[in-house]
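A.B. asks: There's a structure below that I have some questions on.
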Amino acid sequence: MAACEATKQTKENYLEIIYNHIGNYLDKHPTVYKVGLVGCHFFRTLTMFAAMVYLPLPMAVTSAIMVGGSFLYRAAVERFCCFRFTIESLIGAGSLWCVMIGTVNFVSGAALASVGMIFANSIALLPIVGYTVWVIYASNRDIEERMKKLKNLENNPIQQEGGHCPC
39 MAACEATKQT KENYLEIIYN HIGNYLDKHP TVYKVGLVGC HFFRTLTMFA AMVYLPLPMA
99 VTSAIMVGGS FLYRAAVERF CCFRFTIESL IGAGSLWCVM IGTVNFVSGA ALASVGMIFA
159 NSIALLPIVG YTVWVIYASN RDIEERMKKL KNLENNPIQQ EGGHCPC
């Protein structure tokens, strides 16, 4: 039993070393950090969109589960996190759902049948454009805020529990 516990502790320490190394790299390279954060937003949005499309439940039930689960997760977990994804990815999944027909029309060429169709299908793409702009803005804002806190910590060093910087 002691060997299993020691192995578990070693794995946790090893993972902590890896996470700290990656975190330190990202703290020194804020542009990479921002790109990674935007990527995380889009990955989570795509997974929520996949759940919307592929769950074998009526859309109203799926939407209720996703909205309820997202707000519960935000209240239970993300209130302690620097970066929040849940509500944003729910909105992103909804915007992907809204632009699905416009995207299909552009890819198939049907959107180019007339000026009116081009205009209508272009308007149909606005939700995802708005979501993308918001994610880029919010990620930039969050990382810049974190960089300011790190700079303040360097200028006024205080002992943080576990050596971690507050968000």
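Residue numbers (our numbering): 39 to 205.
Backbone N, C-alpha and C define an ideal beta-carbon position, used for all residues, glycine too.
Ignore the nearest five residues each way along the sequence and tell me which others in Asn159's own chain have a CB closer than 7 Å to its CB.
C.D. replies: Numbered from 1 along the sequence shown, position 121 holds the residue referred to as residue 159. Closer than 7 Å at the Cβ level, and outside the excluded window around Asn159, lie Gly140, Asn143, Phe144, Ala149.
A.B. asks: Give me the Cα-Cα distance between Pro68 and Val167, rounded to the nearest whole angstrom.
C.D. replies: For the purposes of this step, residue 68 is identified with residue 30 of the sequence shown, where counting begins at 1. For the purposes of this step, residue 167 is identified with residue 129 of the sequence shown, where counting begins at 1. Taking the straight line joining both Cα atoms gives about 24 Å.
A.B. asks: Just the C-alpha distance for Gly61 and Ser146, rounded to the nearest angstrom, thanks.
C.D. replies: Here residue 61 corresponds to residue number 23 of the sequence shown, with the count starting at 1. Here residue 146 corresponds to residue number 108 of the sequence shown, with the count starting at 1. Gly61 and Ser146: Cα-Cα distance of roughly 43 Å.
A.B. asks: Give every residue of the same chain whose Cβ lies closer than 7 Å to the Cβ of Val70, excluding the five residues on either side of it in the sequence, and list them in chain order.
C.D. replies: Taking the sequence shown and counting its residues from 1, one reaches residue 70 at position 32. Closer than 7 Å at Cβ, skipping near neighbours: Leu64.
A.B. asks: Below 8 Å, can you find three or more Cβ-Cβ pairs linking the segment 94–114 to the segment 182–191?
C.D. replies: The answer is no - the segment 182–191 does not touch the segment 94–114, with fewer than three Cβ pairs under 8 Å.
A.B. asks: In chain order, what residues of the same chain lie with their CB nearer than 7 Å to the CB of Leu53, ignoring the 5 residues before and after it?
C.D. replies: Residue mapping note: residue 53 aligns to position 15 of the sequence shown, counting from 1. If we look at Leu53 and ignore the five residues flanking it on each side, it has no Cβ neighbours.
A.B. asks: Do you know how far the Cα of Ile174 is from the Cα of Ala88?
C.D. replies: Start at 1 with the first residue of the sequence shown, and residue 88 comes out as number 50. Start at 1 with the first residue of the sequence shown, and residue 174 comes out as number 136. About 22 Å.
A.B. asks: Going by beta carbon distance, what residues of the same chain come within less than 7 Å of Ile161, once the five residues before and after it are set aside?
C.D. replies: Looking up residue 161 in the sequence shown gives position 123. Correct list: empty, nothing qualifies.
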